[in-house]
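A.B. asks: Here it is, the structure in full.
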Amino acid sequence: MKKDLLKMENLSKEEILDILNIADQLKYEHKHGIEHHHLKGKTLGMIFQKASTRTRVSFEVGMYQLGGNALFLSSKDLQIGRGEPVCDTSRVLSRYLDGIMIRTFEQKEVDDLAKYSDIPIINGLTDDEHPCQVLADLMTIREYKKSFDGLKLAFIGDGNNMAQSLIVGALTLGMDVSIASPSGYTPDDYYLELGKKLAEKSNAKFALTDSPVEAVTSADIVITDVWASMGQEAEAKERIEAFKGYQINEDLMSYTNPNSLVLHCLPAHRDEEISTETFEKHAEEIFDEAENRLHAQKAVLVKLLGNK
Ligand code: CP
Ligand code: NVA
0 MKKDLLKMEN
10 LSKEEILDIL
20 NIADQLKYEH
30 KHGIEHHHLK
40 GKTLGMIFQK
50 ASTRTRVSFE
60 VGMYQLGGNA
70 LFLSSKDLQI
80 GRGEPVCDTS
90 RVLSRYLDGI
100 MIRTFEQKEV
110 DDLAKYSDIP
120 IINGLTDDEH
130 PCQVLADLMT
140 IREYKKSFDG
150 LKLAFIGDGN
160 NMAQSLIVGA
170 LTLGMDVSIA
180 SPSGYTPDDY
190 YLELGKKLAE
200 KSNAKFALTD
210 SPVEAVTSAD
220 IVITDVWASM
230 GQEAEAKERI
240 EAFKGYQINE
250 DLMSYTNPNS
260 LVLHCLPAHR
270 DEEISTETFE
280 KHAEEIFDEA
290 ENRLHAQKAV
300 LVKLLGNK
């Protein structure tokens, strides 16, 4: 049966670790010039209803490095943009392609695409989740910290797609997770409930607070994201007001454990959710994180489109 990556909860702990192990191997091979054409002759369609730098380039380059091909499909040019139903688009594309990566607004659109297609569907970001980014984050955390045991991850800011996928990914692996968001901007109840269940299963701690200091105290990894996501541009001003005090800066970082990491999925708004000083101090790990999109997604592609 085909397998999709629609949400982080589609992956068990074992499956996440398997993807991370394959990603490490592919990264090593790439750095050492070892060819790995696991997807020779395969084509990935990439549907974009929102802007992208990293997701588009890393998927396209990733398919090329795996010996396959990627097609950029802007929703503006597809008939879907003129009202052709997802159920028809999905069945047609299943006849040509070997997999689809889609970036869109509603999670339901991705779920519907998966329901009607015979080929794997990969969520390249929705309003609810960003699983490909979180796999790259987890890969980066393991590169720097060597293991996930005993780590505390703090997410500061909007309870958005990144926060929600991180809750699921980090708790599935047994890390402690603390989220600090102002009232009205917390993750959806669905993710707070799921987080509680995953924490219980993993014997980990899961906390939601409106205090950034409380969340980052003794943290090993601090993560943030923009205060206004794609599609929320009109709310940008009121959000800057609502998120005052939620900036990651050197003062906040002084409460974390020694050698703590700072991650940001990018693009970053310097001196809003993160100070320029803190961003530049942690630029090495932030750009490793961006690079790891390539390796982590290649692992997902090999798992879903290949025979692994
Ligand atoms: N982090 C991320 O998904 O970046 P893009 O929006 O540039 O793809
Ligand atoms: N939360 C951001 C992530 C961008 C990669 C957004 O959805 O715009």
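Under numbering that gives the first Met the number 0, the sequence shown has 151 at position 152, and the numbering climbs by one with no breaks. Where a beta carbon is used, it is the ideal one built from N, C-alpha and C, also for glycine.
What's the C-alpha gap between Ser-74 and Trp-226?
C.D. replies: The sequence position of residue 74 within the sequence shown is 75, counting from 1. The sequence position of residue 226 within the sequence shown is 227, counting from 1. C-alpha separation (whole angstroms): 25 Å.
A.B. asks: Between the Cα of Asp-126 and the Cα atoms of Ala-298, Leu-265, Ile-273, Lys-6, which residue gives the shortest distance?
C.D. replies: The count along the sequence shown starts at 1 and reaches residue 126 at position 127. Per the Cα distances, Lys-6.
A.B. asks: Cα separation between Glu-199 and Phe-205?
C.D. replies: Taking the first residue of the sequence shown as 1, we reach residue 199 at position 200. Taking the first residue of the sequence shown as 1, we reach residue 205 at position 206. So the alpha carbons of these two residues sit roughly 9 Å apart.
A.B. asks: Less than 7 Å between the CB of Met-45 and some heavy atom of the ligand NVA, yes or no?
C.D. replies: The residue given as residue 45 occupies position 46 in the sequence shown. Because no heavy atom of the ligand NVA lies under 7 Å away, the Cβ of Met-45 does not count as near it: no.
A.B. asks: Rounded to the nearest angstrom, what separates Leu-150 and Ser-177 at their Cα positions?
C.D. replies: Indexing the sequence shown from 1 puts residue 150 at position 151. Indexing the sequence shown from 1 puts residue 177 at position 178. Distance between the alpha carbons of Leu-150 and Ser-177 is about 11 Å.
A.B. asks: Out of Lys-26, Asn-202, Glu-34, point me to the one whose CA is closest to Asp-175's CA.
C.D. replies: On the sequence shown, residue 175 is found 176 positions in, with the first residue counted as 1. With distances taken between Cα atoms, Asp-175 lies closest to Asn-202.
A.B. asks: Pull up the CB-CB distance for Asp-39 and Gly-66, whole angstroms please, since I reckon it's below 8 Å.
C.D. replies: Within the sequence shown, the letter at position 40 stands for residue 39. Within the sequence shown, the letter at position 67 stands for residue 66. First, the amino acid is wrong: residue 39 is Lys here, not Asp. That belief holds up - the Cβ atoms of Lys-39 and Gly-66 are roughly 4 Å apart, short of 8 Å.
A.B. asks: For Asp-111, I'd like the list of residues in its chain whose CB is within less than 8 Å of its CB, leaving aside the five on either flank, ordered along the chain.
C.D. replies: Taking the sequence shown and counting its residues from 1, the one referred to as residue 111 is at position 112. So the list reads Val-85, Cys-86, Ser-89, once near-sequence residues are dropped.
A.B. asks: Whose CA, out of Glu-271, Ile-220, Met-252, lies closest to the CA of Glu-142?
C.D. replies: Within the sequence shown, numbered from 1, the residue matching residue 142 stands at position 143. The shortest Cα separation from Glu-142 among Glu-271, Ile-220, Met-252 belongs to Ile-220.
A.B. asks: Going by DSSP, what residue range makes up the beta strand (DSSP E) through Phe-147?
C.D. replies: On the sequence shown, residue 147 is found 148 positions in, with the first residue counted as 1. Premise fails: Phe-147 is in no beta strand (DSSP E) and is neither H nor E.
A.B. asks: Between Tyr-115, Ile-121, Thr-216, which has its C-alpha nearest Ile-101's C-alpha?
C.D. replies: Position 102 of the sequence shown, counted from the start, is the residue given in the question as residue 101. The option with the nearest alpha carbon to Ile-101 is Ile-121.
A.B. asks: Closest to Ser-182 by C-alpha separation, out of Ile-155, Asp-224, Asp-270, would be which residue?
C.D. replies: Stepping through the sequence shown from its first residue, residue 182 is reached at position 183. Looking at the Cα atoms, Ile-155 is the closest of the given residues.
A.B. asks: At a cut of 8 Å, does the stretch 49 to 66 reach the stretch 290 to 303 through at least three beta carbon pairs?
C.D. replies: yes
A.B. asks: So, helix, strand or coil for His-263, using DSSP?
C.D. replies: Counted from its first residue, the sequence shown places residue 263 at position 264. The answer is strand: DSSP assigns His-263 an E or B state.
A.B. asks: From the DSSP output, which residues share a beta bridge with Leu-205?
C.D. replies: Taking the first residue of the sequence shown as position 1, residue 205 is located at position 206. Inspection of the sequence shows that residue 205 is occupied by Phe rather than by Leu. DSSP output for Phe-205 lists Val-176 as bridge partner(s).
A.B. asks: Can the beta-carbon of Ser-164 be found less than 8 Å from the beta-carbon of Glu-128?
C.D. replies: For the purposes of this step, residue 164 is taken as the residue at position 165 of the sequence shown. For the purposes of this step, residue 128 is taken as the residue at position 129 of the sequence shown. Judged by their CB atoms, Ser-164 and Glu-128 are nearer to each other than the 8 Å cut-off.
A.B. asks: Is Ser-51 close to the ligand CP? I mean its beta-carbon at under 7 Å from any heavy atom of the ligand.
C.D. replies: Counting from one through the sequence shown, the residue named residue 51 turns up at place 52. For the ligand CP, at least one heavy atom lies less than 7 Å from the Cβ of Ser-51.
A.B. asks: On the three-state DSSP scale, how would you describe Val-91?
C.D. replies: The count along the sequence shown starts at 1 and reaches residue 91 at position 92. Residue state, collapsed to three classes: helix.
A.B. asks: May I ask you to check if the CB of Ser-228 is nearer than 7 Å to at least one heavy atom of the ligand NVA?
C.D. replies: Stepping through the sequence shown from its first residue, residue 228 is reached at position 229. Flag set: Cβ of Ser-228 near the ligand NVA.
A.B. asks: Whole angstroms are fine: how far does the CA of Leu-134 sit from the CA of Lys-30?
C.D. replies: On the sequence shown, residue 30 is found 31 positions in, with the first residue counted as 1. On the sequence shown, residue 134 is found 135 positions in, with the first residue counted as 1. Roughly 20 Å between the two C-alpha positions.
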